[in-house]
Structures are given as structure tokens and as C-alpha cells.
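Following: one structure in C-alpha cells, then a few remarks.
There are 2 protein chains.
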Amino acid sequence: MASETGAVPAPQSVEEFQERLRELGPSLPRRMRDCAGYLERNVDRIAVSTVAQLAEGAGVAPSAMMRFCQVLGFSGFSEMQRMFREAYSPGLPDYSTRLELLREEGRDSPSALLAEFIESGRSSLENLAGSIEPAALEAAVRVLTGAGVIHLAGLRRAFPVAAYLAYAFEKMQIPAMLHDQTGRLDHRHAMRAGDALLVVTFAPYTPETVAMAESAAAAGLPVVAITDRADGPFARPGILPLLVAEADFGAFRALSATLSLAIALAVSVGTRRNSA
Amino acid sequence: MASETGAVPAPQSVEEFQERLRELGPSLPRRMRDCAGYLERNVDRIAVSTVAQLAEGAGVAPSAMMRFCQVLGFSGFSEMQRMFREAYSPGLPDYSTRLELLREEGRDSPSALLAEFIESGRSSLENLAGSIEPAALEAAVRVLTGAGVIHLAGLRRAFPVAAYLAYAFEKMQIPAMLHDQTGRLDHRHAMRAGDALLVVTFAPYTPETVAMAESAAAAGLPVVAITDRADGPFARPGILPLLVAEADFGAFRALSATLSLAIALAVSVGTRRNSA
DNA sequence: CTCGAAATGGAATAAACATTCCATGCGGGA
DNA sequence: TCCCGCATGGAATGTTTATTCCATTTCGAG
Chain F
-12 MASETGAVPA
-2 PQSVEEFQER
8 LRELGPSLPR
18 RMRDCAGYLE
28 RNVDRIAVST
38 VAQLAEGAGV
48 APSAMMRFCQ
58 VLGFSGFSEM
68 QRMFREAYSP
78 GLPDYSTRLE
88 LLREEGRDSP
98 SALLAEFIES
108 GRSSLENLAG
118 SIEPAALEAA
128 VRVLTGAGVI
138 HLAGLRRAFP
148 VAAYLAYAFE
158 KMQIPAMLHD
168 QTGRLDHRHA
178 MRAGDALLVV
188 TFAPYTPETV
198 AMAESAAAAG
208 LPVVAITDRA
218 DGPFARPGIL
228 PLLVAEADFG
238 AFRALSATLS
248 LAIALAVSVG
258 TRRNSA
Chain X
-12 MASETGAVPA
-2 PQSVEEFQER
8 LRELGPSLPR
18 RMRDCAGYLE
28 RNVDRIAVST
38 VAQLAEGAGV
48 APSAMMRFCQ
58 VLGFSGFSEM
68 QRMFREAYSP
78 GLPDYSTRLE
88 LLREEGRDSP
98 SALLAEFIES
108 GRSSLENLAG
118 SIEPAALEAA
128 VRVLTGAGVI
138 HLAGLRRAFP
148 VAAYLAYAFE
158 KMQIPAMLHD
168 QTGRLDHRHA
178 MRAGDALLVV
188 TFAPYTPETV
198 AMAESAAAAG
208 LPVVAITDRA
218 DGPFARPGIL
228 PLLVAEADFG
238 AFRALSATLS
248 LAIALAVSVG
258 TRRNSA
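Written as C-alpha cells, this is what we have:
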């Protein structure tokens, strides 16, 4: 019985586990597929649940869940759970403890404030991971890769993002121009056919930035907009919105998610252009 | 037996739990103190361990660990563990699954790249939470709160941070000046007695920024430096370094931690100045 | 429609586990 | 020094949980 088809070697890590789930997902009988689906969507619960709880969540009998573990190559549920319990630490090992300690410095202390910004940054990042549309991102990269000069616009609190994009493009030797309104100079006529515009702006939108996006779109240039609302002034043809919901604390936000998105966009474009 | 001293109400959340641990830590018998100490340092393992495992880790008998749970106000270990297992979800519900999905778009896809930046951002934030010195932060806030004009310097990849600080201070109506080197104009003589300088720079340091910090320090102005290495040019009297280790992915970093620190600093200063 | 193989759910069994109880040890006060 | 009371560890117990087995159902091929 050693060389049977079912004698698979059993996943050694959470990554292998997820891979296995998806690779044999479709070829499985119905109840097994229910198990696979539920576990895939609730990997994080495996370490802290009983067979019965997971089975109920998946809508199957406990024995079905058991058999599923064995199909995956484990000797049983316990062995599988052991793997998850051991791999459990890296998540937030003493992260919340650290935050706790920072907060304890006092209600209005700088440390407590920092803890809040760290926390909102973290939740913004998680949110971004779940809400970004890979297809939209891919489309944006394609548009910018094909452009002659990439024009960058972003003012007020969006300015740091635009500035960082300008730095990154320059580093990668990609033609880009930052429209920073120095001297109130409006360089919109620097945008020529074949160029593209990348704007960054959040509600309430800065009029100058919106105007620039509209004039570019009217001229037929492709426009990519990093923004925070789907119903803003960028819901019109010719403009490709990339949504990022940044959690703010008080009147300010830490821009973690926005900058991550921006830099990923820039590096993708850079990689693709320089390898062509 | 309702009004006995030992009839404590039992913690309802992880925070309350930690608080309770610390408040009755010193007053406990030896073995109980061992339990408290070990649990405090391994809060994250409680949800995924058995009594026996925790007891062994703490170097006590299982029954001692049991009694400790009851001292805390729980009916037993199971009740305590239930609390931790339930409180466990909010952290990363399907966060790692989302990242996994993003990565699967393809090795060099924009989504996969974004996932990497999100991940390094998150780890930078966690790192910052653990490495920041509340005392140093407090000192920096005090220095900047007492200053006349706050001068801001940061070029190249540090420029977005300096720019965001300038935006935040302006919003809060705090006198600040961004030294952005437009027109190669060096405004260092705008720094007068009573002012302070806040610089942002990372290794390899931009010479202009370093020079500005040195000239300010030489003139006796207080200088706060947001930077990434303790052994840089800011290891000298008169300069207060705030260290932030930003994980970078490839040649770029997402600046999440740096910006969080910067904005926390700015808001702290703003709050304190405007309430005075 | 019929047969056979695979799948399924539920009940029975076995293992792991939490919890309690009690005998023993240890330290502090008289 | 002796005694009392609390603290402690280990064994016994009862409960929860995993696991296996088997009767029944479902599905697909002929």
C-alpha cells in the first residue's frame, strides 16, 4: 500500500497545505470539497478549533472532516492541528503586547498616539490586501508601462505619495514628471499624446488635481487615479481608479496602504519597462 | 463566600487579563508567580496549548497552573482558554489568505509585488512598536513643542516624509518650514535661536541633510533626527535620534513605519502646543 | 433498471485532556 | 523546638474530544 495514488506525503507547512487544498479541490467528492472550501477560507481557525466546530462550520459530519484530514496525507486531525499550532507564533507574537505597553505610557502620551497610528496602518494594509482588484492593478500597470512620460499629480496630503512616486521612477530611469505646482505654474501642456497621468487624491478632492485629470482624460490620455472612493469625480470613462481605504486616526492618516500601493505600482512598471 | 477577597470577577478581555497579571504578580506565592510570569511572556500560546504544555513551560505542575486559573477568577483552564480562542479572530481573520491569493496571481505580477510590500510594511510596523523608546519619543516631542519655528529637512526618499510633516504642521497652524532645496536655495540662515530642526534621512545619508543637521547643532539648536541606524552621523551630542528600521523589499521601501512615527510625532506636538 | 463501488452520517470506542482530591512538604509563629 | 496552615505535586477521576467502524445512501456504468 506504499505506492498507492492516495499515499501523498502530507503538507509540511501552511503554504504547502493551502497549495494542496487548491490543487485537489476540484477533483474531490462533494463533502470533501465542502471541507476544502471551508478550511481554505478559515485557515486561521484550525489551530484553535475542535473537529466538531470545524465540521459544523463547513456543514459536514465530524467523520467527514476526519476523512478529509487523512486524504490530505495526515494521520488524523490532531496531526494536522499540531502543524498549525506550531506555525502559529509569527502572526502577532507579542505584537499586541508591545502596543499595549506603548499605550500604557499614558492616554495622551506620544507613545499611545504612535500605537494608534501603527494600529490603523496595520488595519489599512490588511484591508488593502483584501480589497484590491488584481485585474485593475494589472490594467494600471499596463497603461503606465506603455506611456511615454508618466505625469504625476497629487497635492496637500496626497503630495508625499506623488513625490515618492517621482523619486522611484527617477531611480528606475523612467521618464516621469511631478506636477507640484511650484510657483503656481500649471504644466498641463507638458502632457503630450502618448503620455499618461497618474493622480493621487482623496475626498474632499483638491480641485487642481481633479482638473488636471479631467483635462488629460478629455485629451484622450490614459489616467490612473489612486483614490479612496468609488463614487468620486473619477467615475468616468478614460479614468482607471485604484481604490484604497486608508483608516485615519483623528484628523490624519499614516498613508501606509496608499504608499504601499503606489510603490508596488511603480516597481511593477519599472520592472516591465526595463526588461522590455 | 460571595464577599471573600478571592472572589474577583474574572478578566473579560486579553487586556484585562494582562492587567490583572501584573497587578497581582508580586503578591503571589512562588509557583503562582512562575505561572503569571510565564503566561505574561507567552500570551499568544495560551489559545493553542494544553494545560500540561503551559505548565511544563512555566516549570510547574499542571495542577498549579489549574489553581492559578482559578485565582484569576476563571472557573478553570478551559474557560480561560475559551476567552483567548475567541479573542483570537480579529487579528488576522483571513489576512494571510488574502495575501496568499494576491501572490498567486503570478510570480512577477503587480499583485504579488503588492503583497510583498504589504507584508514588509506590516512587519516594519510591528518592529517599530517593539523598538521605539517611549522616553526618546517624549523627549523629541518636548523639544519640538518648545521650539519657535520647526524646520524640516529630508531629501530623496526621505522627502515624502518631510513633506507630510510640513502638511501636518501647517494644518495644525504650527510654524514650520520645509527646506526642500527648490532652486538649490539653502535657507539654513532662516534657522534662528529658539527654533528646532527635524531631519529625516536614511543610510546612505544625503550630504545636504547631514550638513544642515550639523550646522544647526553647532549653532546650539535642538535637532531631532528620524533615521535608521544608531551609528550614523547623528550619534553626537545635541542631536536626538529616533530610530526606525524599515524593512525594504527590493530597492524600495514602503515607508509605513517611518510615516507612522512622523505623523505621531507631529500630532503629539500639535496637541500639546494648541492646548497650552 | 440493476448492480457495484464509493461516499456519507451516526453511533461506538479509544485517547487525550482538564479537573479534583489528598498525602506530603515547607515555612513562619509561638 | 513544635505546631499550624498554606503551598505543592502526583495520582485518580470525570469530561471532552478524536477516531474508527459499520449500516445506509448516493452516484455512475453497463
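As given, the protein sequences belong to chains F and X, one line each in that order.
When the first sequence is numbered by my numbering, its final residue is 263 and no position is left out of the sequence of numbers.
When the second sequence is numbered by my numbering, its final residue is 263 and no position is left out of the sequence of numbers.
Virtual Cβ for every residue (Gly too), placed ideally from N, Cα, C.
- With a 10 Å radius around the Cβ and a threshold of 16 neighbouring Cβ atoms, A200/F comes out buried.
- The C-beta distance from V197/F to A149/F rounds to 14 Å, too long to meet the 8 Å contact threshold.
- Judged by pairs of C-beta atoms under 8 Å, the segment 15 to 35 of chain F touches the segment 44 to 58 of chain F, as three or more such pairs exist.
- Any Cβ of chain F closer than 7 Å to the Cβ of F146/X would place that residue at the interface, and such an atom is present.
- Contact annotation: L246/F and L242/X have beta-carbon atoms nearer than 7 Å.
- With at least 16 other beta carbons inside 10 angstroms of its own, P209/X counts as buried.
- A Cβ-Cβ distance of about 5 Å is found for the pair R7/X and P(-2)/X, placing them in contact under the 8 Å criterion.
- Judged by pairs of C-beta atoms under 8 Å, the segment 112 to 129 of chain F does not touch the segment 163 to 174 of chain F, as fewer than three such pairs exist.
- Collapsing the DSSP output to three states places I226/X in a strand.
- Each residue's CA atom was taken as its position, placing A42/X and A238/X some 46 Å apart.
- Two segments are said to touch when three or more pairs of C-beta atoms, one from each, lie closer than 8 Å; by this definition the segment 122 to 133 of chain X touches the segment 246 to 258 of chain X.
- G225/X and G207/X have their C-alpha atoms some 7 Å from each other.
- Every alpha helix (DSSP H) stretch that sits fully inside the segment 193 to 238 of chain X and reaches 4 residues is listed by chain position as 194 to 205.
- Boundaries cannot be given for L59/F, as no beta strand (DSSP E) includes it and DSSP labels it neither H nor E.
- The continuous stretches of beta strand (DSSP E) do not include V47/F, and DSSP gives it neither H nor E.
- Burial state of Q160/F is exposed, judged by a 10 Å Cβ sphere holding fewer than 16 other Cβ atoms.
- For the segment 114 to 128 of chain F, the residues whose beta carbon sits under 7 Å from a beta carbon of chain X are, in order, L115, A116, G117, I119, P121, L124, E125 and V128.
- Residue pairing by DSSP puts V187/F in a beta bridge opposite I213/F.
- For the segment 215 to 249 of chain X, the set of positions with a beta-carbon nearer than 9 Å to some beta-carbon of chain F reads F236, G237, A238, F239, R240, A241, L242, S243, A244, L246, S247, L248 and A249 in chain order.
- When 7 Å is used as the limit between beta carbons, G63/F is near no residue of chain X, the shortest such separation being about 17 Å.
- At a cut-off of 7 Å between beta-carbon atoms, I213/F makes no contact with chain X.
- In the three-state reduction of the DSSP assignment, H176/F falls in the helix class.
- The straight-line gap separating the alpha-carbon atoms of L59/X and S65/X is approximately 13 Å.
- Unbroken alpha helix (DSSP H) runs of no fewer than 4 residues, entirely contained in the segment 3 to 36 of chain X, are found at 17 to 28, following chain order.
- R171/F and V35/X have their C-alpha atoms some 60 Å from each other.
- By the criterion of a C-beta distance shorter than 8 Å, D215/X is surrounded in its chain by F189, A190, L230, V231, A232 and E233, once the five residues flanking it on both sides are discounted.
- For G181/F and H138/F, the gap between their C-alpha atoms comes out near 11 Å.
- Membership of L142/F in any beta strand (DSSP E) is not indicated, and neither H nor E is assigned to it by DSSP.
- For L242/X, the secondary structure class from DSSP, reduced to helix, strand or coil, is coil.
- Contact between A155/X and V136/X is absent: CB atoms are separated by about 15 Å, not below the 8 Å threshold.
- Sequence-distant partners of E157/X (beyond 5 residues in either direction) whose C-beta falls short of 8 Å from its own C-beta, in its chain, are A163.
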